[in-house]
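Below is one structure, written out as structure tokens; the observations come after it.
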Amino acid sequence: MTPDPRLGLMRGDIAGSRWPPLFSSRAASLAALLHQLDASQWLPADAIAARQRGQLGMVADHFARHSPRFARRLAEAGLDAAALARPDGLAALPLLTRRMVQSTSEPIHIDQVLPGHQPVRTVNTSGSTGEPVIVRRTAVNQLHWLAMTMRYHLWAEPDLTGRLAAIRANMVDCGEDKDWGVPANLFFDTGPGLRIDIRTDIRAQLEMLQRFRPSSVMIYPSNLAALIDEADARGVDLGFVARWRTLGETLSPDLIERVEGREQGRVFDCYSSEEMGYLALQCPSGSGLYHVMAETVIVEIVDEAGRACAPGERGRVLVTDLHNHVTPMIRYDIRDHAEAGGACPCGRGLPTMRRILGRERNMIVKPDGSRHWPLTGYKQFREIAPIRQYQFRQHEIDRIEVRLVTERPLTGDEEAALVAHLHWKLQHPFRIALTYFEGTLPVGRNGKFEEFLSLL
Ligand SMILES: [Zn+2]
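What follows is the structure, given as structure tokens:
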């Protein structure tokens, strides 16, 4: 496939050399990596899988030597590092649970750091699950993270000179910038950027966007839903936004329909995690499939029996970090569920996922012990009552609290219709308690919002 022509226009950081550009050490590694990723995305799927196995063998060999705990894990599965790197080798290794990563009696990370992998930093994932996980990551992980951030821009943006707004958690120095920040500004004269902290009131967010008029907005799905509600309520036209780049939370089909049904901007989703970095990005071709960032991670989707899911099947997501040489994140059960995808019509060999379903705790539990993805449906709620935001919280096996923000107090008939609708949709006569909130519903400790939360 043809290389991305924009990569030929990168700006170097060595004075006096415009073409071909020259880069000082770290920038040079990053620039070279971008060219390699531009080519590797088009490799045939089997070539990608073979290279992944080669890299996996290298990481596994390193941990087998330096981590007694990992060596034991391999031995207990009847494997060694070389066997792990053979086809089907990885599938023979029992998965790494969150609890195993948390263990403090024998820490999972190792203290040896390869030359060139310094500095090591600690990622402490949010405690939203009540089970915080501490993972050490290296300078090499950071380099890959920067490269994938750039791939994310290259895939999502037809033109790097567009106006980009980002509404995120943990933002520092909010406000307008002359460019999109690192890494894009290392190589390109990008358009201007705007940073908004996620805790900013929705009305203020809307006003800032109206003033800045971004062509793209990076945003959490729940924030996007609230923004659209506010824009509708105030008759504000957000037609200047061509792309809503969602991240951080599970994107529901409801929201895609709401945004794209307005024919005001398309949704482009990103699947990432704090402990593993970028996992998958939606294909720039518009196929809707998510391509796995296979140069940095192996993503497996397995069913209840541990078998690999075929395209269209749903299962749990296991992730292997191919470049973390201090914490063996190998077959890590990230506690998400997803639907496996097939080959993408775009021609990229990167494996695909069709849909990210969300976290295990976002599944409803039935009194018979079965679990499934709850069907809720914003659109139908709106037909029953003027509901602006909702959240389901399952407190007990037969009791669900439905938190609501409404445009006005609901009538008794509307409440009854809503409960009847929920009984029908959830296929069980749960005890349902409607509770009301002003403004917006509270988010989790990590600043993220979940539509359905099982607290069992
Ligand atoms: Zn594709």
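Counting from 1, one number per residue, gives the positions in the sequence shown under UniProt numbering. A virtual CB, placed ideally from N, CA and C, is assigned to each residue, including glycine.
Presumed contact (8 Å Cβ cut-off) between residue i and residue j, rounded CB distance
i, j, result
"I48", "A294", "5 Å"
"S287", "P351", "Rounded, the Cβ-Cβ distance is 13 Å, inconsistent with contact."
"residue 484", "V182", "Given that the chain is displayed from residue 1 to residue 456, the structure contains no residue 484 and the question cannot be resolved."
"S273", "L281", "That pair is no contact at about 13 Å."
"residue 457", "A156", "Nothing can be reported for residue 457: it is not among the residues displayed for the chain, which extend from 1 to 456."
"A31", "F240", "That pair is no contact at about 32 Å."
"P367", "D413", "That belief does not hold up - the Cβ atoms of P367 and D413 are roughly 28 Å apart, past 8 Å."
"L289", "R354", "6 Å"
"G306", "H144", "Going by Cβ atoms, the distance from G306 to H144 rounds to 28 Å, so no, they are not a contact pair."
"E438", "G444", "That pair is no contact at about 19 Å."
"A233", "Q389", "Between Q389 and A233 the Cβ distance is about 12 Å, and since that is not below 8 Å, they are no contact."
"L426", "P374", "6 Å"
"D177", "P158", "About 21 Å separates the two Cβ atoms, so there is no contact after all."
"G341", "M1", "Not quite, the Cβ-Cβ distance comes to about 20 Å (not below 8 Å), so this is no contact."
"Q210", "V236", "7 Å"
"H423", "Q380", "Rounded, the Cβ-Cβ distance is 13 Å, inconsistent with contact."
Test item: CB-CB of residue i and residue j under 7 Å
i, j, result
"S215", "R163", "yes"
"D333", "R359", "no"
"L322", "Q55", "yes"
"I432", "T406", "no"
"A147", "L238", "no"
"A92", "A75", "no"
"residue 464", "L418", "Because the chain is modelled from 1 through 456, residue 464 falls outside the range shown and cannot be assessed."
"L194", "P221", "no"
"R24", "D13", "It is Ser, not Arg, that sits at residue 24 in the sequence shown. Yes, they are a contact pair."
"I301", "C309", "yes"
"R403", "L455", "no"
"D179", "T161", "no"
"C430", "N362", "Inspection of the sequence shows that residue 430 is occupied by Phe rather than by Cys. In this structure, N362 does not lie closer than 7 Å to F430 by Cβ."
"A169", "V217", "no"
"L34", "M208", "no"
"V133", "Q102", "yes"
"I202", "I167", "no"
"E339", "R314", "yes"
"P3", "G349", "no"
"F275", "V135", "According to the sequence provided, residue 275 is Glu. The question's Phe does not apply to it. The answer is yes: Cβ separation under 7 Å."
"I110", "H153", "no"
"M10", "P21", "yes"
"I400", "Q391", "no"
"I219", "Q205", "no"
"A50", "A64", "no"
Cβ-heavy atom distance, residue i to ligand 3, below 6 Å
i, result
"P5", "This structure simply doesn't include ligand 3; it includes ligand 1 instead."
Whose CB is closer than 6 Å to a heavy atom of ligand 1? List the residues in chain order. C283, S285, S287, L289, H291, C344, C346, R348
Count the C-beta pairs between the region 324-342 and the region 47-61 that are closer than 8 Å, then say yes if the count reaches three, no if not. yes
The region 90-107 in contact with the region 246-256 per 3-pair CB rule at 8 Å: no
Check whether the region 84-95 and the region 116-123 touch, using three or more Cβ-Cβ pairs below 8 Å as the test. no
Any chance the region 250-269 sits against the region 308-321, with 3 or more Cβ pairs inside 8 Å? no
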